[in-house]
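Colleague: Got a structure for you, questions after.
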Amino acid sequence: MNKKVAVLMGSDSDLPVVKGAIKALRDLDITAEVHVLSAHRTPDQAGKFAAEAKANGFGAIICAAGKAAHLAGVIAAHTVLPVIGIPIKSSALDGMDALLSTVQMPKGIPVATVAIDGAENAGLLAAQILAVHDEELAAKLEEMRAAMTRDVLEKDARIQSEFNM
Ligand code: RP5
Numbered sequence: 127m128n129k130k131v132a133v134l135m136g137s138d139s140d141l142p143v144v145k146g147a148i149k150a151l152r153d154l155d156i157t158a159e160v161h162v163l164s165a166h167r168t169p170d171q172a173g174k175f176a177a178e179a180k181a182n183g184f185g186a187i188i189c190a191a192g193k194a195a196h197l198a199g200v201i202a203a204h205t206v207l208p209v210i211g212i213p214i215k216s217s218a219l220d221g222m223d224a225l226l227s228t229v230q231m232p233k234g235i236p237v238a239t240v241a242i243d244g245a246e247n248a249g250l251l252a253a254q255i256l257a258v259h260d261e262e263l264a265a266k267l268e269e270m271r272a273a274m275t276r277d278v279l280e281k282d283a284r285i286q287s288e289f290n291m
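The opening residue of the sequence shown carries number 127 in our numbering; numbering runs sequentially from there.
Right under this line is the structure:
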C-alpha cells in the first residue's frame, strides 16, 4: 500500500500557510493526513503520534510551527521517519526565530528544513521521499519538472520578443 504523509501544525493559525503543502501532496494523489499537534501544548499526543507513525503507514512527516518552533525536532526525536520542518512567519521576528529553531537541530536528530513559509516545497520534498520507492509517483514528479521548464522557456521567449528585437 502507498505510504501516507502526515502534515502537522503547531496551531490552526498556521493553516493558511500549511495549505500549500496539503495541496502539493493532493495534486500528486498522495494521502495527506492533517493534524494540529503542539510540542508544548499537547506534548504527549505529539510524541505518541510520531512514535506510532511508521506503523500507521506514514512515509514522511511535515511539521509546521512558528516562534520557538520545536515541533519538528520533538516529532523527529520520536521516529526514524524523515521529518520536514516548515518555519512559519508568525511573530515579531518575521519567522527568523522559527527558521533557526527548526534548522539548527543538534546532531543525531535531523530535520530537513524548507524556507520560511515554504510549504509547497515541503509537500514536494515529502513526495520525492516517497518516490524513491514509487516509480509512478517519480514519473509524475518528472513531468512536473518538465512542465516547469516549458513554462520558463515560454516566458523567456516572450521577454526576448519584447526586448531583444
Ligand atoms: C506555534 O506558535 C504555532 O505553530 C504558531 O505558529 C504560533 C502561534 O500559535 P497561536 O498562538 O496562534 O496558537 O506554536
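Don't be surprised by glycine CBs; every beta carbon is placed ideally from N, CA and C.
Computed from a predicted model, the values in this text were never measured in an experiment.
Considering only residues of the same chain and omitting the five flanking positions on each side of residue 217, which have a CB-CB separation below 7 Å?
Modeller: 192, 193 and 223, listed in sequence order.
Colleague: Would DSSP call residue 151 helix, strand or coil?
Modeller: Helix, per DSSP.
Colleague: Measure the CB-CB distance between residue 210 and residue 242 and report whether it falls below 9 Å.
Modeller: No; because the gap between Cβ atoms is not below 9 Å, this pair is not in contact.
Colleague: Would you decide whether residue 289 is buried or exposed? Buried here means 16 or more other CB atoms lie within 10 Å of its CB.
Modeller: Its Cβ having fewer than 16 others within 10 Å, residue 289 is exposed.
Colleague: Output the distance between the C-alpha atoms of residue 201 and residue 273, rounded to the nearest integer angstrom.
Modeller: If I take the Cα positions, the gap works out to 34 Å.
Colleague: My parser needs the alpha helix (DSSP H) runs of 4 or more residues fully inside the stretch 163-233; what are they?
Modeller: If we require 4 residues or more, the alpha helix (DSSP H) runs fully inside the stretch 163-233 come out as 169-179, 197-203 and 222-229.
Colleague: Between the beta-carbon of residue 249 and the beta-carbon of residue 146, is there less than 9 Å?
Modeller: Their beta carbons are under 9 Å apart, which means residue 249 touches residue 146 by this criterion.
Colleague: Taking 8 Å as the line, does the beta carbon of residue 227 fall inside it for any heavy atom of the ligand RP5?
Modeller: Answer for residue 227: no, Cβ out of range of the ligand RP5.
Colleague: Could you give the residue range of the alpha helix (DSSP H) that holds residue 131?
Modeller: Per DSSP, residue 131 belongs to no alpha helix (DSSP H); it is in the beta strand (DSSP E), 130-135.
Colleague: Use the C-beta contact count for residue 127: other C-beta atoms within 10 angstroms, 16 or more gives buried, fewer gives exposed.
Modeller: It is exposed - the Cβ of residue 127 has fewer than 16 other Cβ atoms within 10 Å.
Colleague: Could you tell me the distance, in whole angstroms, from the CA atom of residue 234 to the CA atom of residue 205?
Modeller: Going from the Cα of residue 234 to the Cα of residue 205 covers about 12 Å.
Colleague: Is residue 199 near the ligand COA, in the sense that its beta carbon is under 8 Å from a heavy atom of that ligand?
Modeller: Absence of the ligand COA from the depicted structure is noted, with the ligand RP5 being the only ligands included.
Colleague: Starting from residue 161, follow its DSSP beta bridges and name the residues at the other end.
Modeller: For residue 161, which the question treats as bridged, DSSP gives the partners 134.
Colleague: Can you confirm whether the stretch 134-151 touches the stretch 159-167 when touching is taken to mean that 3 or more C-beta pairs between the two stretches lie within less than 8 Å?
Modeller: At 8 Å Cβ cutoff, the stretches touch.
Colleague: When DSSP builds the beta bridges, which residues end up paired with residue 239?
Modeller: Per DSSP, 211.
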